[in-house]
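Be aware that the sequence shown starts at 32, since it is given in our numbering, and climbs by one per residue. All C-beta atoms in this analysis are idealised placements derived from N, C-alpha and C, irrespective of residue type, glycine included. As the structure is a prediction and not an experimental result, all values here were calculated from the model.
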Amino acid sequence: MKKLQFLVDQTKYAKAHSSHSHDNAQTYVTALLSEQLVQHGFHTQTTNPHELEVSVSDHPIALGVNCNQPDGEGHFVCEISAHADEEQDWFQKIETQSVIKQLAQAVEQTLREDESFQSLEWKS
């Protein structure tokens with residue numbers, strides 16, 4: 032799974048969440064994904080306020096959420112990256128890749144449904 036980079040509009044986020052630090056934005060994204068990915072059929076577990084584990088084919092994959100200080104236009108630049116165990120036999124890896132794509136689509140769809148997030152873009 033590539034990294035998903037996106038902007039969090041500080042004005043929309045601050046209105047909805049009464050606080051606008053990058054730590055709180057990271058915590059909000061993690062909590063949102065933890066809640067919403069369950070609706071897409073994934074089992075999630077929050078490991079800390081900025082990371083959650085998603086079970087993919089009985090293999091936990093850690094998703095890290097990282098947001099930087101606001102840019103000049105009041106946007107946090109955030110990214111979500113996956114830390115997967117690459118040491119699987121080739122058959123399981125191919126099977127898991129399909130589920131990883133479903134997870135990536137679920138993450139993107141969840142963020143697109145929240146007006147605080149803009150400019151979602153997958154990076155290598």
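Where do the N-terminal and C-terminal ends of the beta strand (DSSP E) with residue i fall, by residue?
i: aspartate 40; result: 34-40
i: histidine 74; result: 74-79
i: serine 150; result: 148-154
How many Å lie between residue i and residue j at the Cα?
i: glutamate 146; j: asparagine 97; result: 19 Å
i: leucine 142; j: glutamine 70; result: 14 Å
i: glutamine 133; j: threonine 77; result: 20 Å
i: tyrosine 59; j: alanine 113; result: 18 Å
i: phenylalanine 148; j: glutamine 128; result: 26 Å
i: tryptophan 153; j: leucine 38; result: 12 Å
i: phenylalanine 122; j: valine 108; result: Bear in mind that a pLDDT of 49 at phenylalanine 122, under 50, signals an unreliable position, so the model cannot answer this.
i: glutamine 140; j: serine 65; result: 13 Å
i: alanine 62; j: alanine 93; result: 14 Å
i: isoleucine 131; j: glycine 95; result: 15 Å
i: glycine 103; j: serine 150; result: 16 Å
i: asparagine 99; j: aspartate 40; result: 13 Å
With a threshold of 8 Å between beta-carbons, can residue i be considered close to chain B, or not?
i: glutamine 67; result: Of the chains in the structure shown, none is chain B; there is only one protein chain.
Measure how close the beta-carbons of residue i and residue j come, nearest whole angstrom, since I'm counting them as under 8 Å.
i: glutamine 57; j: histidine 74; result: In fact, because the Cβ distance is near 22 Å, the residues do not count as touching under 8 Å.
i: glutamate 110; j: lysine 34; result: 5 Å
i: alanine 137; j: leucine 68; result: 6 Å
Which residues does DSSP pair with residue i in a beta bridge?
i: histidine 106; result: Asp40
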